Amino acid sequence: MLNKVMIIGRLGADPEMRYTQSGSPVTTLRVATDESYTDKDGNRMERTEWHRIVVFQRAAENCNQYLRKGSLVYVEGKLTTRKWQDQNGQDRYTTEIRADRVQFLDRRSASAPGEGEEYGNFRPPRQARQENTYRASDKGQRSQAPRQESNYEDLGPAFPSEASTMDDIPF
């Protein structure tokens, strides 16, 4: 069976970090994705979908430190459903994405590490584009050093609604 989720979106709020009973960090991200399309009557429609992302261990700490409301992220993970009881003793359920990988897609900003600041075990060189990726495994989290690229490649708009040629999408 396959349980895989991949999204690119923007944080709708600052990350929220808490700790488990055993002291492990857990960060929750609220990420918005959107789609824009033309309906059968020719009207331009937009829809935003909100996703709750849960990140553990070292990746949770890094997300909490470097991400802010509005940050653009790529998330890979799996859907999980959690059950708890509310104040009235009623069973409640929530479906969320348990992140296996979080990649920061924004260009360097004031919240990202700058010259001379350590980023995990990596010190970014001057004027290099960096992509910040954190992966999780079943045995815990491990930090992967950000990849460096000397040439920036424009990948186009982050959301379909930012593209001007999206009118021909059939949904």
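Residues in the sequence shown are numbered from 96 upward in steps of one, following the numbering used here. Built from N, CA and C at the ideal position, the CB exists for glycine as well. Since the structure is predicted, the reported quantities are computational estimates derived from the model, not experimental observations.
Alpha carbon of residue i to alpha carbon of residue j, nearest angstrom
| i | j | result |
| --- | --- | --- |
| residue 184 | residue 109 | 30 Å |
| residue 148 | residue 179 | 17 Å |
| residue 150 | residue 96 | 23 Å |
| residue 156 | residue 197 | 12 Å |
| residue 167 | residue 102 | 11 Å |
| residue 144 | residue 182 | 28 Å |
| residue 162 | residue 191 | 19 Å |
| residue 140 | residue 99 | 27 Å |
| residue 116 | residue 135 | 52 Å |
| residue 126 | residue 160 | 16 Å |
| residue 142 | residue 132 | 9 Å |
| residue 111 | residue 130 | 26 Å |
| residue 120 | residue 170 | 18 Å |
| residue 158 | residue 189 | 22 Å |
| residue 201 | residue 113 | 24 Å |
| residue 199 | residue 124 | 13 Å |
Residue i classed as buried or exposed, judged by whether at least 16 other C-beta atoms fall within 10 angstroms
| i | result |
| --- | --- |
| residue 106 | buried |
| residue 122 | buried |
| residue 195 | buried |
| residue 165 | exposed |
| residue 137 | exposed |
| residue 118 | exposed |
Span of the beta strand (DSSP E), counted from its first residue to its last, around residue i
| i | result |
| --- | --- |
| residue 322 | Because the chain is modelled from 96 through 266, residue 322 falls outside the range shown and cannot be assessed. |
| residue 176 | 167 to 180 |
| residue 106 | 100 to 106 |
| residue 112 | 111 to 114 |
Limits of the unbroken alpha helix (DSSP H) element including residue i
| i | result |
| --- | --- |
| residue 185 | That residue, residue 185, is in no alpha helix (DSSP H); it is neither H nor E in DSSP. |
| residue 160 | 152 to 161 |
Cβ-Cβ separation, residue j to residue i (assumed contact under 8 Å), whole Å
| i | j | result |
| --- | --- | --- |
| residue 193 | residue 172 | 5 Å |
| residue 146 | residue 175 | With a Cβ gap of about 12 Å, residue 146 and residue 175 do not count as contacting. |
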